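These notes concern the structure reproduced below.
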Amino acid sequence: MNDSSRRRFLTGAGTLAASVAMPSWIGQALAAGSIKIKPGAHDALLVIDVQNCFVPGGSLAVKGGDEIVPLINRIARSFENVVLTQDWHTADHVSFASQHDSKKPFETIDLDYGTQVLWPDHCVQGTQGAELVGGIDIPHAQLIIRKGFHREVDSYSAFLEADRKTETGLAGYLRGRRIDRVFLCGLATDYCVAWSALDARKFGFQAVVIEDASRGIDLNGSLAAAWQDMKKARVGRIKSTDLQLA
Ligand code: VGL
Ligand code: ZN
Numbered sequence: 098m099n100d101s102s103r104r105r106f107l108t109g110a111g112t113l114a115a116s117v118a119m120p121s122w123i124g125q126a127l128a129a130g131s132i133k134i135k136p137g138a139h140d141a142l143l144v145i146d147v148q149n150c151f152v153p154g155g156s157l158a159v160k161g162g163d164e165i166v167p168l169i170n171r172i173a174r175s176f177e178n179v180v181l182t183q184d185w186h187t188a189d190h191v192s193f194a195s196q197h198d199s200k201k202p203f204e205t206i207d208l209d210y211g212t213q214v215l216w217p218d219h220c221v222q223g224t225q226g227a228e229l230v231g232g233i234d235i236p237h238a239q240l241i242i243r244k245g246f247h248r249e250v251d252s253y254s255a256f257l258e259a260d261r262k263t264e265t266g267l268a269g270y271l272r273g274r275r276i277d278r279v280f281l282c283g284l285a286t287d288y289c290v291a292w293s294a295l296d297a298r299k300f301g302f303q304a305v306v307i308e309d310a311s312r313g314i315d316l317n318g319s320l321a322a323a324w325q326d327m328k329k330a331r332v333g334r335i336k337s338t339d340l341q342l343a
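The working numbering puts the first residue of the sequence shown at 98, with every later residue one more than the last.
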């Protein structure tokens with residue numbers, strides 16, 4: 098999405114401008130980036146899988162994964178509602194290539210619920226690799242959702258496991274807290290962030306991905322495909338500079 102369409106998403110000015118002449122000061126303010134989104138009581142920040150395994154030095158390192166930590170801390174300070182997630186697999190998880198004879202990481206297999214990418218062992222429950230990155234400093238976060246803990250089923254999404262039936266409980270939690278819009282950041286843009294954003298939409302929430310506070314794996318074009326899917330599902334795409342930060 099280019100800059101001007103991103104701005105249109107922020108304000109709805111795209112639909113407005115089609116029929117009504119837009120005062121020039123709005124256009125100028127949009128172009129200058131001085132109209133910003135202020136997170137409120139019905140918004141939550143979802144910080145997806147910022148865990149040791151997913152940053153450089155980890156077993157499934159995402160390029161630049163460590164770079165987003167200070168920015169995420171800063172963004173989180175402007176949200177009264179913050180939920181963290183952890184990928185949280187059994188040691189013998191079905192998504193691990195090591196569990197399948199003659200399969201290597203990043204190959205795929207067909208499981209009951211569909212095609213599964215096989216990954217290096219990562220985020221095993223209780224291990225150091227599964228811990229949140231040490232630099233994450235969000236003491237006011239209210240909930241940590243762990244996912245992918247059923248041995249036979251993966252869960253990229255923070256809402257719904259890969260069988261597309263089993264809920265993690267996050268949708269119910271957010272509804273119970275009267276949250277209607279989620280902003281997402283973390284790792285990886287094209288897997289757990291994208292799947293969580295798409296499922297947020299399925300469960301009726303508005304969803305917005307903060308691009309510069311996320312990093313992707315980009316396996317066989319997965320990053321571009323994820324942005325396409327999210328655009329189609331009307332997931333917003335912003336930069337952290339589009340937020341009014343404290
Ligand atoms: C993730 C691959 C496998 C992620 C988790 O957090 O994006 N990716 N498990
Ligand atoms: Zn995983």
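Note that beta-carbon positions come from the ideal geometry of N, C-alpha and C, so glycine has one too. Predicted, not measured: the structure shown is a model, and the values here were computed from it.
Does the distance between the C-beta of residue i and the nearest non-hydrogen atom of the ligand VGL fall short of 6 Å?
i, result
"D146", "yes"
"C289", "yes"
"D184", "yes"
"L284", "yes"
"W216", "yes"
With respect to the beta strand (DSSP E) encompassing residue i, which residues constitute its N-terminal and C-terminal limits?
i, result
"S192", "Neither: S192 is in no beta strand (DSSP E) and is coded neither H nor E."
"K244", "L240 to K244"
"R174", "Neither: R174 is in no beta strand (DSSP E) and is coded neither H nor E."
"D207", "T205 to L208"
"L143", "D140 to I145"
"G283", "R278 to L284"
"G269", "Premise fails: G269 lies in the alpha helix (DSSP H), L267 to G273, not in any beta strand (DSSP E)."
"R334", "G333 to I335"
"G211", "G211 to V214"
"I233", "It is not in any beta strand (DSSP E) - I233 carries neither H nor E in the DSSP assignment."
"L181", "V179 to D184"
"R312", "Q303 to R312"
Check this for me: beta carbons of residue i and residue j, under 7 Å apart or not?
i, j, result
"I242", "T182", "yes"
"G245", "D184", "yes"
"F176", "P136", "yes"
"L157", "H247", "no"
"G82", "L284", "This structure leaves residue 82 out entirely; the chain is present only between 98 and 343."
"H139", "D277", "yes"
"A291", "A304", "no"
"V279", "A259", "no"
"A330", "F300", "no"
"N178", "E228", "no"
"I314", "V191", "no"
"V152", "V214", "no"
"A343", "D287", "no"
"A141", "V180", "yes"
"D339", "I134", "yes"
"F256", "T263", "no"
Please tell me whether residue i has its Cβ less than 7 Å away from any Cβ of chain C.
i, result
"Y210", "Note that chain C does not occur in the displayed structure, where there is just one protein chain."
State yes or no: is the C-beta of residue i nearer than 6 Å to some heavy atom of the ligand ZN?
i, result
"G245", "yes"
In terms of residues, what are the limits of the alpha helix (DSSP H) holding residue i?
i, result
"R298", "A291 to K299"
"S319", "S319 to K329"
"I123", "S121 to A129"
Self-check item: Cβ contact check for the stretch 156-170 and the stretch 242-251: 3 or more pairs under 8 Å
Solution: no
Quiz item: Any contact of the stretch 292-311 with the stretch 323-343, i.e. 3+ C-beta pairs under 8 Å?
Solution: Yes: the two stretches touch, three or more of their Cβ pairs being nearer than 8 Å.
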